[in-house]
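J.: Have a look at the structure that comes next, please.
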Amino acid sequence: MNTVGKIQIETLLASPEEMLAFGGRLSKILRPQDVVFLIADLGAGKTTLARGIIQAIIGENTDVSSPTYNLIHVWDGPNCQIWHADLYRLEEPAEVFALGLEEAFEHAITLVEWPDRMGQMAPESRLDICIEKTPKGRKVILRPMGVQWKERFDEQ
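Residue 145 in numbering that gives the first Met the number 0 sits at position 146 of the sequence shown, and the numbers go up by one each step.
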């Protein structure tokens, strides 16, 4: 397991409760204009991680469900909006433009499930979170992409 300060770059989470708690810890480093890509197979825990992040920022009683059918859910946080997008049902990157995600990138914390659907529209600066199913739980790997993410992880 590698760590950068207090944030673990790779960790094993044994339960959905641990995934929620991990999201809560991760929420402490998120700021307006941050883009987080949640990369995993179906059922691996992307929405659970997003729920942990959102509930830590907005409140534990916040109902956070997958935006699979709506494509985007938006919450008003204390410092900025939080956008949670699920791009699974999109068939081409041009459809992403119609969702207004580029606007969210400018002012919100943006959590994106199935970011591969964005193609070339994916921002270069982002935090990739890869979740892999293992027999012992979920292996979570954080990949800071871009200078400010690497600097932020160095600050931790």
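From the three backbone atoms N, C-alpha and C, an ideal C-beta is built for every residue, glycine too. Just so we're clear, the structure is a prediction, and the values are computed from it rather than from any experiment.
Within this structure, are the beta carbons of Ile71 and Leu100 separated by less than 9 angstroms?
T.: Cβ distance < 9 angstroms, so Ile71 and Leu100 count as in contact.
J.: Which one or two residues does DSSP pair with Ile28 in a beta bridge?
T.: BP columns for Ile28 are empty, so no partner.
J.: How should Asp62 be labelled, buried or exposed, when 16 other C-beta atoms within 10 angstroms of its C-beta is the threshold for buried?
T.: Asp62 should be labelled exposed.
J.: Would a check of beta-carbon distances place Arg24 closer than 9 angstroms to chain D?
T.: In the structure shown, chain D cannot be found, because there is only a single protein chain.
J.: Rounded to whole angstroms, how far is the Cβ of Gly51 from the Cβ of Met18, which I believe are closer than 8 angstroms?
T.: At roughly 6 angstroms, the Cβ-Cβ gap stays under 8 angstroms, so Gly51 and Met18 are in contact.
J.: Classify Met0 as buried or exposed, calling it buried when 16 or more other Cβ atoms lie within 10 Å of its own Cβ.
T.: Note that Met0 scores a pLDDT of 43, beneath 50, so its modelled location is shaky and nothing firm can be said.
J.: Identify, in the order they occur along the chain, each residue of the same chain with its Cβ nearer than 7 angstroms to the Cβ of Pro143, setting aside the five sequence neighbours on each side.
T.: Excluding sequence neighbours, Pro143 sits near Leu126, Lys149 and Phe152.
J.: I think Leu141 touches Ile8, with their Cβ atoms under 8 angstroms apart; what is that distance to the nearest whole Å?
T.: Indeed, because the Cβ distance is near 5 angstroms, the residues count as touching under 8 angstroms.
J.: Which residues in the same chain as Gly23 place their Cβ atom closer than 6 angstroms to its Cβ, once the five residues preceding and following it in sequence are excluded?
T.: So the list reads Gly51 and Ala55, once near-sequence residues are dropped.
J.: Can you tell me whether DSSP reads Ile52 as helix, strand or coil?
T.: Ile52: helix per DSSP, three-state reduction.
J.: Short of 6 angstroms in beta carbon distance, which residues of its chain neighbour Lys27, apart from the five on each side in sequence? Order them along the chain.
T.: Cβ within range, chain order: n/a, list empty.
J.: For Lys135, which residues in the same chain have their Cβ closer than 7 angstroms to its Cβ, ignoring the five residues on either side in sequence?
T.: Within the same chain, Lys135 has close Cβ partners Leu11 and Ala13.
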